[in-house]
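Here is the structure we will look at, set down as structure tokens.
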Amino acid sequence: MFTRFHRRWITSIIPILVVIVLIGLYLIFYFQAQHESSPHPSETVSNEGWYAIYFTDPTSPSASSLRGGPDAALAEAIDSARYSVDVAIYRLDLWSIRDALIRAHMRGVRVRVVTDSDHEDEAEIVDLRGVGILVIGDQREPLMHHKFIVIDGVEVWTGSMNYTVSGAYRNNNNLIRIRSSRVGQDYTREFEEMFLEDRFGALSETDTPYPVLTIDGIQVEVYFSPDDGVEDRIVDVLRGAEESIDFMVYTFTSDALAEVILERAKGGVDVRGVIEKDQASNPGSDYERLRQAGLDVRLDSNPRNMHHKVIIIDGSIVITGSFNFSRSAEEHNDENILILYDVGVSQEYLLEFKRIFEIASP
Numbered sequence: 002m003f004t005r006f007h008r009r010w011i012t013s014i015i016p017i018l019v020v021i022v023l024i025g026l027y028l029i030f031y032f033q034a035q036h037e038s039s040p041h042p043s044e045t046v047s048n049e050g051w052y053a054i055y056f057t058d059p060t061s062p063s064a065s066s067l068r069g070g071p072d073a074a075l076a077e078a079i080d081s082a083r084y085s086v087d088v089a090i091y092r093l094d095l096w097s098i099r100d101a102l103i104r105a106h107m108r109g110v111r112v113r114v115v116t117d118s119d120h121e122d123e124a125e126i127v128d129l130r131g132v133g134i135l136v137i138g139d140q141r142e143p144l145m146h147h148k149f150i151v152i153d154g155v156e157v158w159t160g161s162m163n164y165t166v167s168g169a170y171r172n173n174n175n176l177i178r179i180r181s182s183r184v185g186q187d188y189t190r191e192f193e194e195m196f197l198e199d200r201f202g203a204l205s206e207t208d209t210p211y212p213v214l215t216i217d218g219i220q221v222e223v224y225f226s227p228d229d230g231v232e233d234r235i236v237d238v239l240r241g242a243e244e245s246i247d248f249m250v251y252t253f254t255s256d257a258l259a260e261v262i263l264e265r266a267k268g269g270v271d272v273r274g275v276i277e278k279d280q281a282s283n284p285g286s287d288y289e290r291l292r293q294a295g296l297d298v299r300l301d302s303n304p305r306n307m308h309h310k311v312i313i314i315d316g317s318i319v320i321t322g323s324f325n326f327s328r329s330a331e332e333h334n335d336e337n338i339l340i341l342y343d344v345g346v347s348q349e350y351l352l353e354f355k356r357i358f359e360i361a362s363p
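Take the sequence shown: its position 188, counting from 1, is numbered 189 in this note's numbering, and each next residue is one higher.
Listed below in structure tokens is the structure:
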């Protein structure tokens with residue numbers, strides 16, 4: 002039975018409860034509005050910088066000894082792994098990477114590997130399986146063409162370099178290391194889609210957690226083919242070029258990319274390019290089409306392969322990854338690209354482009 006005291010107490014506390022509820026509702030709507038007003042997730046990485054870029058140099062004296070290439074830095078990163086190493090690699094025959102993966106496995110790090118089934122018989126893959134590392138092949142005709150590693154879920158290495166002797170020491174390639182938990186989640190999701198769910202190529206889903214994000218104030222985009230419409234996104238970025246488009250690519254058979262480059266060239270944008278010479282005469286190559294339009298597109302001079310897949314736009318945007326400019330890359334293969342909006346990153350890639358462009362031939 003309520004006493005007069007109880008009634009007075011209830012009457013006095015009701016306004017306090019109302020205030021608490023109103024404050025709670027305000028905070029809910031405030032944080033929701035803050036979340037919705039942010040164009041994309043932001044992340045700050047303070048330790049040792051969030052990226053590092055490596056280029057192969059087939060002309061260096063150390064290349065002949067097969068030591069000191071970008072694989073050395075990658076092997077060192079694998080040696081630093083504490084919990085997990087996930088590898089998606091088209092081909093592996095570098096003993097430096099094989100040995101680093103085995104060392105990680107032996108000290109209790111979870112090591113998982115996805116590779117293209119055409120290269121499952123490589124001795125180094127056999128060695129990994131021999132110590133108990135689980136390696137999954139794609140078991141299909143199109144390529145599992147990725148070249149990425151995720152370390153401890155927060156460090157991603159990707160680019161154009163296969164983990165092979167030729168990839169690291171004979172061909173022109175690039176490798177970029179990014180420290181970001183969100184980029185790590187993006188690549189881990191792609192990896193597990195293949196490794197755990199057996200989803201390759203057209204079976205992949207558009208479910209990248211953070212396709213657009215910022216790291217230390219710099220916008221980064223992450224896309225995977227064939228599920229994310231990579232070619233359309235590249236076309237959109239190229240369409241925004243105002244001053245320059247510089248590209249170096251192993252294979253160029255994408256009419257959509259050729260058309261937007263020609264369109265921007267007609268609009269006054271300066272276009273330069275380098276294409277792998279052994280691919281330029283293949284059926285469907287856009288090399289002659291670009292040349293006949295008056296663009297300064299050249300053939301590389303490396304006796305082996307110029308294997309980059311890079312576009313630099315206005316000296317401030319870089320597109321890089323495993324994605325050749327081809328229908329296979331867009332519709333069938335498993336591929337990845339990064340788009341990085343940063344002058345510092347762009348200038349490093351631009352220096353590599355200029356080095357290759359200057360010794361290339363029409």
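Where is the CB? At the ideal position from N, CA and C, for every residue including glycine. Just so we're clear, the structure is a prediction, and the values are computed from it rather than from any experiment.
{"Check": "The region 170 to 187 touching the region 132 to 146, judged by at least three CB pairs closer than 8 Å", "Outcome": "no"}
{"Check": "Backbone CA spacing between residue 167 and residue 212 [nearest angstrom]", "Outcome": "31 Å"}
{"Check": "Inter-residue Cα distance where the pair is residue 107 and residue 78", "Outcome": "16 Å"}
{"Check": "Three-state secondary structure assigned by DSSP to residue 294", "Outcome": "coil"}
{"Check": "Endpoints, beta strand (DSSP E) assigned at residue 138", "Outcome": "135 to 138"}
{"Check": "Secondary structure, alpha helix (DSSP H): runs of 4+ residues fully inside the region 243 to 286", "Outcome": "256 to 267 and 278 to 281"}
{"Check": "Alpha-carbon to alpha-carbon, residue 148 and residue 118", "Outcome": "14 Å"}
{"Check": "Sub-7 Å separation of residue 311 and residue 347 beta-carbons", "Outcome": "no"}
{"Check": "Stretch pair the region 274 to 291 + the region 334 to 344: three plus CB contacts closer than 8 Å", "Outcome": "no"}
{"Check": "Boundaries of the beta strand (DSSP E) in which residue 85 is found, first to last residue", "Outcome": "85 to 90"}
{"Check": "Length of the line joining the Cα atoms of residue 99 and residue 219", "Outcome": "34 Å"}
{"Check": "Sequence-distant residues of its chain with Cβ nearer than 6 Å to residue 56 (five each side left out)", "Outcome": "175 and 353"}
{"Check": "Where residue 101 falls: helix, strand or coil (DSSP)", "Outcome": "helix"}
{"Check": "Own chain residues within Cβ distance below 7 Å of residue 101, not counting five before or after", "Outcome": "76, 79 and 80"}
{"Check": "Rounded distance between the beta-carbons of residue 97 and residue 73, thought under 8 Å", "Outcome": "7 Å"}
{"Check": "Residue 160 (DSSP reduced to helix, strand or coil)", "Outcome": "strand"}
{"Check": "Given residue 53 as reference, the closest of 356, 362, 361 and 349 once Cα atoms are compared", "Outcome": "349"}
{"Check": "Terminal residues of the beta strand (DSSP E) in which residue 336 lies", "Outcome": "336 to 342"}
{"Check": "Environment of residue 61 [buried if 16+ CB atoms lie within 10 Å]", "Outcome": "exposed"}
{"Check": "As assigned by DSSP and simplified to three states, the class of residue 350", "Outcome": "helix"}
{"Check": "Candidates 292, 120 and 41, of which the one nearest residue 138 by Cα", "Outcome": "120"}
{"Check": "Among 252, 261, 266 and 268, the one whose alpha carbon lies nearest that of residue 286", "Outcome": "252"}
{"Check": "CB contact below 7 Å: residue 250 versus chain C", "Outcome": "No chain C is part of this structure, which consists of one protein chain only."}
{"Check": "Whole-angstrom distance between residue 84 and residue 159, CA atom to CA atom", "Outcome": "19 Å"}
{"Check": "Rounded Cβ spacing between residue 299 and residue 275 (contact assumed at less than 8 Å)", "Outcome": "5 Å"}
{"Check": "For residue 226: DSSP bridge partner residues", "Outcome": "336"}
{"Check": "Terminal residues of the alpha helix (DSSP H) in which residue 79 lies", "Outcome": "71 to 80"}
{"Check": "Start and end residues, alpha helix (DSSP H) containing residue 169", "Outcome": "166 to 170"}
{"Check": "Environment of residue 228 [buried if 16+ CB atoms lie within 10 Å]", "Outcome": "buried"}
{"Check": "Beta-carbon proximity list for residue 305, same chain, < 7 Å, skipping 5 on both sides", "Outcome": "59, 167, 171 and 172"}
{"Check": "Close Cβ partners of residue 51 (< 7 Å) along its chain, the five nearest in sequence each way excluded", "Outcome": "179, 180, 181, 216 and 217"}
{"Check": "For residue 214: DSSP bridge partner residues", "Outcome": "221"}
{"Check": "Residue range of the unbroken alpha helix (DSSP H) whose run includes residue 239", "Outcome": "231 to 240"}
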